[in-house]
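Trainee: The structure's right below; bear with me while I get my questions together.
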Amino acid sequence: MQVWRSAEHRVEADLGMRRAVRWYVGDELVAERRTTDEKVRLDAGTDRMEVRFSTLGQPRRATLNGDLDLVPDPGSAAAAHEERVRAHPTRYAAIQTVVGVAKVVLPIVATVLLARFTLPHLSLGLDLPSPDLPDLPSLPLPDLALPEPVREVLSYAKYVLPVVVAFALARAEIGRRRQQDEKRADDDQPRS
1 MQVWRSAEHR
11 VEADLGMRRA
21 VRWYVGDELV
31 AERRTTDEKV
41 RLDAGTDRME
51 VRFSTLGQPR
61 RATLNGDLDL
71 VPDPGSAAAA
81 HEERVRAHPT
91 RYAAIQTVVG
101 VAKVVLPIVA
111 TVLLARFTLP
121 HLSLGLDLPS
131 PDLPDLPSLP
141 LPDLALPEPV
151 REVLSYAKYV
161 LPVVVAFALA
171 RAEIGRRRQQ
181 DEKRADDDQP
191 RS
């Protein structure tokens, strides 16, 4: 079980693919949800708790009202994850980038391989007629004569853009975590 805490709030989550997430204020259970989602949202009155898990079900963080991260129990999987992110932010960004690219590329590659190896061997014996469609009028398009180097760079943009976006999102998460550390440090300072 994973537990996150703050002065008033406690969130408990069962580990695994299908998990129960419970949110307590004081000792009172205010919200509970069973789900397999990576992002779990619990509402209690005007407050909102968002709990995030990895794709494989590992606990990541619990955030109150989109503003304050609760602290994971020491020694827990979420605490170990936070320590790794803080110790190696560039490595974290690189891993998140690779995972993001893999989520896009692997389904495409699997689909292409499946189509390549199954469709030629699939003989249904159907002779389907193709419909006769009328010729569509051609529209005059302006001649955009781009230099060859520009065209070559643009041909790779569709592959590079997802990588850049994944890296930017991972770096933004690192910045968000630093802000959370600063908030926690400010909250720990004695009030005069």
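So the sequence shown is numbered by the UniProt record's numbering: it starts at 1 and just counts up by one.
Just so it is clear, CB atoms sit at the ideal spot from N, CA and C, and this is done for glycine as well.
Hey, how far is the Cα of residue 147 from the Cα of residue 138?
Mentor: Cα-Cα distance, rounded: 25 Å.
Trainee: Could you give the DSSP three-state label for residue 44: helix, strand or coil?
Mentor: Residue 44: strand per DSSP, three-state reduction.
Trainee: What's the C-alpha gap between residue 192 and residue 174?
Mentor: Confidence is the limiting factor: at residue 192 the pLDDT is only 49, short of 50, which leaves the residue's position unreliable, though a coordinate-based value still follows. Between residue 192 and residue 174, the C-alpha separation is close to 31 Å.
Trainee: State the beta-bridge partners of residue 162 as determined by DSSP.
Mentor: Note: residue 162 sits in no beta bridge, so no partner.
Trainee: Excluding five sequence neighbours on each side, which residues of the same chain lie with their C-beta closer than 6 Å to the C-beta of residue 50?
Mentor: Closer than 6 Å at the Cβ level, and outside the excluded window around residue 50, lie 41, 63.
Trainee: Would you call residue 13 buried or exposed, if buried means 16 or more other Cβ atoms sit within 10 Å of its Cβ?
Mentor: That one is buried.
Trainee: Compute the distance between the beta-carbons of residue 193 and residue 5, then report whether it is under 8 Å.
Mentor: There is simply no residue 193 to check, as the chain begins at 1 and stops at 192 in what is shown.
Trainee: In three-state DSSP terms, what is residue 15?
Mentor: Residue 15: coil per DSSP, three-state reduction.
Trainee: I need the boundaries of the alpha helix (DSSP H) containing residue 38, first residue and last residue.
Mentor: Unbroken run through residue 38: none, as it is neither H nor E.
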